[in-house]
Amino acid sequence: MSTANVDVSSLPTTTFSHRSLAWWGTLGFMVVEGTTLFIAVVAYFYLSRNYQTWPPEHIVQPSLLWPTVQVVLLLASLVPTVLADRAAYRIDLVKLRQWLFVTLVFELASVAVRWQEFLSLNVRWDTNAYGSSAWTLVGFHTTLLLADVIETAVLIALLFSKRRLDRHYSDATDVTFYWYFLVATWIPIYVIVYLGPRFM
Amino acid sequence: MTFAIAAFQAQGAHSVHDPVSRQALRIHQLGEAMYVTAAVVFVLVVAALLWSALRRHRMPADQQRSNRSISTAVLLATAATTVVLFVFLILDLSVGRAITTNPGKGAIQIRVTGHQWWWEVQYRDSLPQNWATTANEIHVPVGRPVVLELRSADVIHSLWPPNLNGKRDLIPGDENSLWFQADSPGVYRAQCAEFCGHQHAKMSLLIVAEAPESFSAWLSRQRDTALTPTDSVARRGQEVFLGSTCVMCHAIAGTPAGSRIGPDLTHLASRRTIAAGTLPNTRGNLAGWIINPQAIKPGVRMPPNRLGSDDLQALLTYLETLE
Amino acid sequence: MTETSVSSRVDPAADERLHQELERTWHERTGFWGWLTSVDHKSIGKRYIVTAFAFFILGGLNAALMRAQLARPENTLVGPDLYNQLFSVHGTTMMFLFAVPMMTAMGIYFVPLMVGARNIAYPRLNAYGYYVYLIGGILLYAGLFTNTGPEAGWFNYVPLAGPEFSPGKRSDVYAQTVTFTEIAAIIGAVEIIVTIFKHRAPGMSLGRMPLFVWAQLVTAFMILFAMPWVATASLMLAMDRLIATHFFNPAEGGDTLLWQHLFWFFGHPEVYIIFVPALGMVSQIVSAATRREIFGYPVMVLALVMTGFLGFGLWVHHMFATGVPQLGQSFFTAASMMIAIPSGVQIFCWIATIWAARPRFTVPFLFVLGFVVLFIIGGFTGVMIASVSYDQQVHDTYFIVAHLHYVLLGGAVTPLFGAFYFWFPKITGRMLSEALGRCHFALFFLGVNLTFFPMHQLGLEGMTRRVYTYLAETGWGDLNLLATIGAATIALSVALFLVNVARSLAAGEVSGDNPWDGETLDWGTSSPPPSYNFLHIPVVQGRSALWSRTPDKPVVTGLRTDMHEVLVTTLMDARPDSRHLHPRSTVMPLLAALATGVTFITLIFTPWGLPVGGALMTAAFVAWAWPDRESYEEQRLQESS
Numbered sequence: 001m002s003t004a005n006v007d008v009s010s011l012p013t014t015t016f017s018h019r020s021l022a023w024w025g026t027l028g029f030m031v032v033e034g035t036t037l038f039i040a041v042v043a044y045f046y047l048s049r050n051y052q053t054w055p056p057e058h059i060v061q062p063s064l065l066w067p068t069v070q071v072v073l074l075l076a077s078l079v080p081t082v083l084a085d086r087a088a089y090r091i092d093l094v095k096l097r098q099w100l101f102v103t104l105v106f107e108l109a110s111v112a113v114r115w116q117e118f119l120s121l122n123v124r125w126d127t128n129a130y131g132s133s134a135w136t137l138v139g140f141h142t143t144l145l146l147a148d149v150i151e152t153a154v155l156i157a158l159l160f161s162k163r164r165l166d167r168h169y170s171d172a173t174d175v176t177f178y179w180y181f182l183v184a185t186w187i188p189i190y191v192i193v194y195l196g197p198r199f200m
Numbered sequence: 001m002t003f004a005i006a007a008f009q010a011q012g013a014h015s016v017h018d019p020v021s022r023q024a025l026r027i028h029q030l031g032e033a034m035y036v037t038a039a040v041v042f043v044l045v046v047a048a049l050l051w052s053a054l055r056r057h058r059m060p061a062d063q064q065r066s067n068r069s070i071s072t073a074v075l076l077a078t079a080a081t082t083v084v085l086f087v088f089l090i091l092d093l094s095v096g097r098a099i100t101t102n103p104g105k106g107a108i109q110i111r112v113t114g115h116q117w118w119w120e121v122q123y124r125d126s127l128p129q130n131w132a133t134t135a136n137e138i139h140v141p142v143g144r145p146v147v148l149e150l151r152s153a154d155v156i157h158s159l160w161p162p163n164l165n166g167k168r169d170l171i172p173g174d175e176n177s178l179w180f181q182a183d184s185p186g187v188y189r190a191q192c193a194e195f196c197g198h199q200h201a202k203m204s205l206l207i208v209a210e211a212p213e214s215f216s217a218w219l220s221r222q223r224d225t226a227l228t229p230t231d232s233v234a235r236r237g238q239e240v241f242l243g244s245t246c247v248m249c250h251a252i253a254g255t256p257a258g259s260r261i262g263p264d265l266t267h268l269a270s271r272r273t274i275a276a277g278t279l280p281n282t283r284g285n286l287a288g289w290i291i292n293p294q295a296i297k298p299g300v301r302m303p304p305n306r307l308g309s310d311d312l313q314a315l316l317t318y319l320e321t322l323e
Numbered sequence: 001m002t003e004t005s006v007s008s009r010v011d012p013a014a015d016e017r018l019h020q021e022l023e024r025t026w027h028e029r030t031g032f033w034g035w036l037t038s039v040d041h042k043s044i045g046k047r048y049i050v051t052a053f054a055f056f057i058l059g060g061l062n063a064a065l066m067r068a069q070l071a072r073p074e075n076t077l078v079g080p081d082l083y084n085q086l087f088s089v090h091g092t093t094m095m096f097l098f099a100v101p102m103m104t105a106m107g108i109y110f111v112p113l114m115v116g117a118r119n120i121a122y123p124r125l126n127a128y129g130y131y132v133y134l135i136g137g138i139l140l141y142a143g144l145f146t147n148t149g150p151e152a153g154w155f156n157y158v159p160l161a162g163p164e165f166s167p168g169k170r171s172d173v174y175a176q177t178v179t180f181t182e183i184a185a186i187i188g189a190v191e192i193i194v195t196i197f198k199h200r201a202p203g204m205s206l207g208r209m210p211l212f213v214w215a216q217l218v219t220a221f222m223i224l225f226a227m228p229w230v231a232t233a234s235l236m237l238a239m240d241r242l243i244a245t246h247f248f249n250p251a252e253g254g255d256t257l258l259w260q261h262l263f264w265f266f267g268h269p270e271v272y273i274i275f276v277p278a279l280g281m282v283s284q285i286v287s288a289a290t291r292r293e294i295f296g297y298p299v300m301v302l303a304l305v306m307t308g309f310l311g312f313g314l315w316v317h318h319m320f321a322t323g324v325p326q327l328g329q330s331f332f333t334a335a336s337m338m339i340a341i342p343s344g345v346q347i348f349c350w351i352a353t354i355w356a357a358r359p360r361f362t363v364p365f366l367f368v369l370g371f372v373v374l375f376i377i378g379g380f381t382g383v384m385i386a387s388v389s390y391d392q393q394v395h396d397t398y399f400i401v402a403h404l405h406y407v408l409l410g411g412a413v414t415p416l417f418g419a420f421y422f423w424f425p426k427i428t429g430r431m432l433s434e435a436l437g438r439c440h441f442a443l444f445f446l447g448v449n450l451t452f453f454p455m456h457q458l459g460l461e462g463m464t465r466r467v468y469t470y471l472a473e474t475g476w477g478d479l480n481l482l483a484t485i486g487a488a489t490i491a492l493s494v495a496l497f498l499v500n501v502a503r504s505l506a507a508g509e510v511s512g513d514n515p516w517d518g519e520t521l522d523w524g525t526s527s528p529p530p531s532y533n534f535l536h537i538p539v540v541q542g543r544s545a546l547w548s549r550t551p552d553k554p555v556v557t558g559l560r561t562d563m564h565e566v567l568v569t570t571l572m573d574a575r576p577d578s579r580h581l582h583p584r585s586t587v588m589p590l591l592a593a594l595a596t597g598v599t600f601i602t603l604i605f606t607p608w609g610l611p612v613g614g615a616l617m618t619a620a621f622v623a624w625a626w627p628d629r630e631s632y633e634e635q636r637l638q639e640s641s
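Right, dumping it as structure tokens:
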């Protein structure tokens, strides 16, 4: 069985999605962080078994106003995110910068609302196990949110800078990919932490 | 390389090899069965390995790859492994069921609360005045089921009486129970089996299995309060006790001392050991313990006690009256 | 170069020119700074291996002190406080600082070579992961040497390790050591997975990967799914201790058993994370010793994967004494017994390979034989303790200590030593002494049995774990003395190994490319490999990459030689897909690791560590991501080619 040499000199240097190494790294983080969020949910339900009522007696149920605003905001943020995504695949620098910037604004708004969401829990982290697990679930998602804000901001800066490269278009799709992840993981957390106590 | 277990059989008051209850017996038999099977399989596999490695014949690689009998051998070995494991599983389930079935009414209930680093023991009753509190020693009648209700006052402990049954954890905020039935009299040692801090190593409990009559006699004595001593030295000893820091932690029923922080001393003299099974309960050991417990169990909650020699002797005499 | 090397067969002069170009591009900067800023997987891999072995020695010294204390009843060599720190640090060291990092390190060094890549995926992240691991290890021992070592066991149960019963910072040192090592492990796992998925040489489909690579892949996935559980648990513990959360406080709705579930959901896969890579090492050694492929490759791969999956279904067997419901317990008994099946299958396939193959009794092969014997013993006691009733007798006794050391020392460390003898030539270019190796093996094998076999009996006679002493009347003195003598024997054997290493490094026999006639690509390049790994990336034509090469030896051409350009291939069939530029040496990973260190060490003392450290880490990672002029120019050039 004889095989010829393989010439790879004409292969592309910038790729998207599963062809790109950075995408796999992003996926790896999602797997680990998603698992961690899942663990926090497991702990939340495990601890709820120690109480007759949930939230425990004397604790007010979480308020729904700001958390619901957040959900609406996040779903709305998907629009500029998808548009930025498409612009990246098209290698459209102007549109990409524009829509990423809009996405960043949504992300910042989301962080601002997140502050209110903590207050809406109506319990402190050190009051009891309910407070501890609810704060941890929301808190962990928040650290991911903050990390993504920084990532988005840095990428936008790179796209405006003299150090812009082709790979940054691919990196932009990883940032949007990660944003989808953050929105998707928030929905179940919202349901569990804010709606859940009304049914448990 | 495989030593026969028989060569190491320990006649022990704390050995899995010396079951005195049917629970421990069933477990012991299960263990023996698994051990023998394991030994046989071990010999077979190691023999196969060595024979394969040492035999001189060499078969070409592609012939070996497609050799039917090799594949069959691997398949059979896997099947045999699965069967053996299944048998173990069935045996385990049946033993498990046998030793956890409800002991039924008529079982004696004893509440054991784990502390760092001693065991609080309480025999309850429908009448509170019949409750008996002691420490570090349990008496049970032979031939009757006993249920230990296990709690913890601080961290996780575990009670393990190897001659009588496997272990069960004492978990703060939780309630566990362990039951056994001693079928022959004797003194059996139980050990704390979950790391619980500095003196986990010296937290033992004695289980005394005795004839039902002696058990009843023991229990009724435990229910009594301590008598005021008649002897003058002993009375002086009681004054020393009541006048020093002892009363901050220790209770003696029948005196004003009622603290539950440390072991109840009402019937101290009836116990075989002190310091949770660490030392035999002798006058000399007790003296050393009172003067400086830290030398015997460093880290224990009991502080050293400065006592004049006369006071100490009086105290010891008093404590010896606490049968 | 031998027949099976991967150099081009065409033109020695062209090869020499190519070698010069590649060497110029890929060589590391010399000196300490060059070493510090390296992003070469071989350089990082070597220091990872050495560091992990250093922790093995330290953990062994902890154990030596413990065994010295336990040799006689009521010994006064080591008091309870120090003893409790020693056994806790021993376990933490061996599990978090030696075993997993060592297996990761072997993967970091050998996976890129075995799949035909020039470097590991994410080279800077690789360096970062190592430095974070190193900081974690230093933290633990700084703790021990300042009397602030963890003292509640490597499993650190609450409430003993919680705020109420463990004052001071000992438990926090534990929690953050776990954080550092867990970050490093996850990073190692992600890189190994992506290297295996996307950097395999053309023609190396999944079905043609070496079993060592499969083992590393399965292990990496286990790490991804297991580590977050202990990370979350230790985070919750740190929060309970630092900011008064109540995860484990029963008085406020918390739960003591929550810790155990979280910890053991990690803890059981952890031992398979340690064990599965060793299985891969055994396969490579057996294949070289018998000069044939392992019998039943698809079954072997399936066994590895099944072990990985099943490993997640066993954790409650560590909790059989806690009073969990009986029906649930039975499930875990069944699962814990069933996992013996894939391990058994592997042993049978190795025996099948060896049968009719007249293996060469090299030192690596001796260690493989030793492994089978020791691991079967450990495996059988494992099956015994899978039984709830039996476990309730022997749980938390020296029977378990015996079991775990047979499976870890026998099942993982024994193959590891075999792997050291096998791959030392590849890493250093020199052979280890076979004669000294045989002595090492004999002493080690004897020592392990002498130390740990008596412990089965000790457990059955009532000796519980984690005890700093025992009373003379228990009768445990003689077997304990025997175990201590065994421990000294093990120590002697390891010392012999170190002597062997030192002598070989100084003046060992030169090994050549492929002293064992191995089948994997790492044997197809020089020993040690050049900075660029392979003169030409080979095109793989069969499962045993070297043995299946046809005389025309097809290779990859067209990759740039003036920069760190590497090939990216497709996941299933490894068809060439794109060209990727790897970074050159940089200090950024070290800086980011230091920022990470500051963050988590400060968190031992104050919650302000989070915002302050977070800011530092952000700065470090942004600086890392922002291309400097040189890097920008190079990437621009590559992108336009």
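Chains as they are written, first to last, in the numbering used here: chain A, 1 to 200; chain B, 1 to 323; chain C, 1 to 641.
Where is the CB? At the ideal position from N, CA and C, for every residue including glycine.
Note that this is a predicted model, so its numbers are computed, not measured.
Using only the alpha-carbon positions, how far apart do residue i and residue j sit?
i: A/M200; j: A/F45; result: 10 angstroms
i: C/G296; j: C/F309; result: 20 angstroms
i: C/A14; j: C/K553; result: 16 angstroms
i: C/L603; j: C/L610; result: 7 angstroms
i: C/L481; j: C/G459; result: 15 angstroms
i: C/E16; j: C/P530; result: 13 angstroms
i: C/Q638; j: A/L159; result: 18 angstroms
i: C/Q635; j: C/P583; result: 9 angstroms
Since residue i and residue j are thought to touch, with beta carbons under 8 angstroms apart, how far apart are those beta carbons, to the nearest angstrom?
i: B/V121; j: B/T134; result: 5 angstroms
Is it right to say residue i is buried, meaning 16 or more other beta carbons lie within 10 angstroms of its own, or is it exposed?
i: C/M239; result: buried
i: A/N128; result: buried
i: C/Q326; result: exposed
i: B/P128; result: exposed
i: B/N281; result: buried
i: A/I187; result: exposed
i: C/D396; result: buried
i: B/Q29; result: exposed
Is residue i near the ligand GDP, with its Cβ less than 7 angstroms from a heavy atom?
i: C/F621; result: This structure lacks the ligand GDP, and indeed carries no ligand of any kind.
* **Runs of alpha helix (DSSP H) lying entirely within the segment 67 to 122 of chain C, each at least 4 residues, in chain order** => Those alpha helix (DSSP H) runs which fall completely within the segment 67 to 122 of chain C and span 4+ residues are 80 to 92 and 100 to 115.
* **Contained beta strand (DSSP E) runs [length at least 3] in the segment 569 to 614 of chain C, N- to C-terminal order** => Secondary structure within the segment 569 to 614 of chain C: the beta strand (DSSP E) runs of 3 or more consecutive residues, fully enclosed, are 576 to 581 (chain order).
* Continuous beta strand (DSSP E) assignments of at least 3 residues falling wholly in the segment 75 to 125 of chain A -> Unbroken beta strand (DSSP E) runs of no fewer than 3 residues, entirely contained in the segment 75 to 125 of chain A, are not found.
* To do: Within the segment 266 to 313 of chain B, note down every full beta strand (DSSP E) run reaching 3 residues or more, in order along the chain.
  => For the beta strand (DSSP E) assignment, the segment 266 to 313 of chain B encloses no uninterrupted run of at least 3 residues.
* With a cut-off of 8 angstroms, do at least 3 Cβ pairs link the segment 335 to 351 of chain C to the segment 95 to 114 of chain B? -> By the Cβ criterion, the segment 335 to 351 of chain C is not in contact with the segment 95 to 114 of chain B, since fewer than three pairs of Cβ atoms, one from each stretch, lie closer than 8 angstroms.
* Inspect the CB distances between the segment 195 to 215 of chain B and the segment 107 to 121 of chain B and report whether three or more fall short of 8 angstroms. => Output reads yes: the segment 107 to 121 of chain B touches the segment 195 to 215 of chain B.
* Would you call the segment 423 to 436 of chain C and the segment 505 to 516 of chain C touching, i.e. three or more CB-CB distances under 8 angstroms? -> The segment 423 to 436 of chain C, when compared against the segment 505 to 516 of chain C, does touch it at the 8 angstroms Cβ threshold.
* So does the segment 272 to 282 of chain C actually touch the segment 244 to 258 of chain C, counting three or more Cβ pairs closer than 8 angstroms? -> The segment 272 to 282 of chain C, when compared against the segment 244 to 258 of chain C, does not touch it at the 8 angstroms Cβ threshold.
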